[in-house]
Each structure stands twice: as structure tokens, then as C-alpha cells.
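Accompanying notes for the structure given below.
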Amino acid sequence: MYSEIASNKRKTWVIIALFLVIIGLLGWLFSAIYSTPSFFYLALIVGGVYALIQYFAAAKMALAMNGAKEVTKKEEPRLYRVVENLSITTGMPMPKVYVIEDAAPNAFATGRDPKHAVVAASRGLLDIMDKDELEAVMAHEMGHVKNYDIRVMMIVFGLVAAIGLVADMLIRMMWFSGGDRDRNVSPIFIILGILSITAAGPHKTAPALAPRYL
0 MYSEIASNKR
10 KTWVIIALFL
20 VIIGLLGWLF
30 SAIYSTPSFF
40 YLALIVGGVY
50 ALIQYFAAAK
60 MALAMNGAKE
70 VTKKEEPRLY
80 RVVENLSITT
90 GMPMPKVYVI
100 EDAAPNAFAT
110 GRDPKHAVVA
120 ASRGLLDIMD
130 KDELEAVMAH
140 EMGHVKNYDI
150 RVMMIVFGLV
160 AAIGLVADML
170 IRMMWFSGGD
180 RDRNVSPIFI
190 ILGILSITAA
200 GPHKTAPALA
210 PRYL
């Protein structure tokens, strides 16, 4: 178990480093194409900021996207006691407990480490499961918390989506600029590239917020 935890911690930083290398290469490529060094530096700065946001805030964004609401023991005694008992049994910090008002049965865990972890269950799951079944599901999710699986998956989803987003934006900028490589890119082409991605729909950025599901 300890080797798996150490491995997942290393994977997190390797993935972040690889992300910054790829983003830097994309920035360097377009700096070379358009003879505009600012692309490279901008890519590194934005990539670094995005990686920090993904590391520290992705869990909150995932909860907001899924409409999850934090609950207390008084509000959801059965779910809260199950999570509390599992925390005591495993010696883990008590994660925050959330409920999603959705009829579909589901559960997930998210967060960057056990001290900042969240477990969530949908209303549909709570309605169909008895105490033993609910305990098995939440034990499964908390196992991912303890092994740092959730951090690795959260980072992978977010950074892979970001690379796709940046690559797509740069391709659209080339298209809007008419493929003229002998001149600098006007800021209007950057704006048009971003707007065209936005108009294409939110499906390209959704994976960045995907939590660990059952």
C-alpha cells in the first residue's frame, strides 16, 4: 500500500512536469512559426497557473459542476455515520461529505490528498442501498482517497483537457490568420480562436473537472 501511495505521489509531479513541457513546446512551436517569442513565455506562465489551479481547486469545481451540497451529521445521519466510522477504522482524516440531488445511483471521491478529500453520494444511491451496501461503496471510494488515486486521476483529466484546448485554440488561430506565417499574429486572432472554441461547446473542458466515480 505504501509503495502505491508513493508511486501515485510521484506520478502526480511527473504528469505536471510533462504537461508543462508539452505546453512549452506548443508555445515554442508557434513562437517559431510567427516569430513571436511571447507565445512561448505566455504558454509557460498560463500553463503553470493552470496547473496550480487544477491542483488546488479542481475538487471544488467538480463538486460545483455536479451540484453537490455539503451535509452535516444532522442532515444526513446515515451517510455521515458510515463515512465517520470508516474514517475511524482506517485511521484516515474525516473527509467532507456531500450529497448530489440526482436520482441516478452514483458516488465519487475527489481531492488532492486525504486531508483535503471529499466523498459524495447521489440521492438515488442513498435511496436504493441499505447500510451494508452503502458502507461497501463508501469504503471503496475512501480506498481511492487513501491511495492518492483521486489526485492522479484529477490531475490527468484536467491537464490532458488543457493540452487539447490549447492545441485547438492555436489551430483555430492559424485558420483565422489565413496561414500567413510571415507576420506576427494580431491579438484579434487570439480572441477569435478563443471565441470559436467557446462556441463549439463545453464538452472539451468538462473532463478537467471529472471526479473519481464509482
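FYI, numbering that gives the first Met the number 0 numbers position 120 of the sequence shown as 119, with every residue one higher than the one before it.
Using N, Cα and C, we set each Cβ at its ideal position, and we do this for glycine too.
Among the options, which one has its Cα closest to the Cα of residue i?
i           : options         : result
residue 118 : 14, 92, 28, 103 : 92
residue 158 : 114, 49, 25     : 49
residue 20  : 87, 76, 32, 40  : 40
residue 52  : 38, 31, 111     : 111
residue 11  : 81, 152, 162    : 152
residue 121 : 78, 149, 42     : 78
residue 142 : 90, 16, 63, 24  : 90
residue 88  : 63, 134, 74     : 134
residue 76  : 130, 6, 24      : 130
Does the distance from the C-beta atom of residue i to that of residue j stay below 9 Å?
i           : j           : result
residue 124 : residue 104 : yes
residue 46  : residue 14  : no
residue 72  : residue 83  : yes
residue 26  : residue 38  : yes
residue 136 : residue 97  : no
Could you give the C-beta distance for residue i and residue j, rounded to a whole number, given that I count them as a contact under 8 Å?
i           : j          : result
residue 109 : residue 56 : In fact, because the Cβ distance is near 11 Å, the residues do not count as touching under 8 Å.
residue 146 : residue 99 : Rounded, the Cβ-Cβ distance is 23 Å, inconsistent with contact.
At the level of alpha carbons, what is the spacing between residue i and residue j?
i           : j           : result
residue 101 : residue 126 : 11 Å
residue 115 : residue 44  : 26 Å
residue 189 : residue 162 : Note on residue 189: pLDDT 49, under 50, position unreliable in the model; the coordinate value appears next. Distance between the alpha carbons of residue 189 and residue 162 is about 16 Å.
residue 154 : residue 35  : 30 Å
residue 30  : residue 54  : 28 Å
residue 81  : residue 139 : 12 Å
residue 106 : residue 33  : 47 Å
residue 9   : residue 113 : 16 Å
residue 68  : residue 28  : 43 Å
residue 178 : residue 60  : Low confidence applies here, because residue 178 scores a pLDDT of 49, under 50, leaving its location unreliable; read the following figure in that light. Rounded to whole angstroms, residue 178 to residue 60 spans 37 Å at the Cα level.
residue 144 : residue 62  : 16 Å
residue 6   : residue 16  : 15 Å
residue 74  : residue 42  : 45 Å
residue 2   : residue 24  : 32 Å
Looking at the unbroken alpha helix (DSSP H) that takes in residue i, where does it start and where does it end?
i           : result
residue 63  : 37-64
residue 69  : Note, residue 69: premise wrong, no alpha helix (DSSP H); beta strand (DSSP E) at 67-69.
residue 214 : Only positions 0 to 213 of the chain appear in the structure, and residue 214 is not among them; the question remains open.
residue 129 : From DSSP, residue 129 is part of no alpha helix (DSSP H); its letter is neither H nor E.
What are the boundary residues of the beta strand (DSSP E) that residue i is part of?
i           : result
residue 79  : That residue, residue 79, is in no beta strand (DSSP E); its alpha helix (DSSP H) goes 76-89.
residue 118 : 117-121
residue 95  : 95-99
residue 108 : 106-109
Kindly examine the ligand PLP and report whether one of its heavy atoms sits closer than 8 Å to the Cβ of residue i.
i          : result
residue 73 : Within the structure as shown, the ligand PLP is missing, as the structure has no ligands at all.
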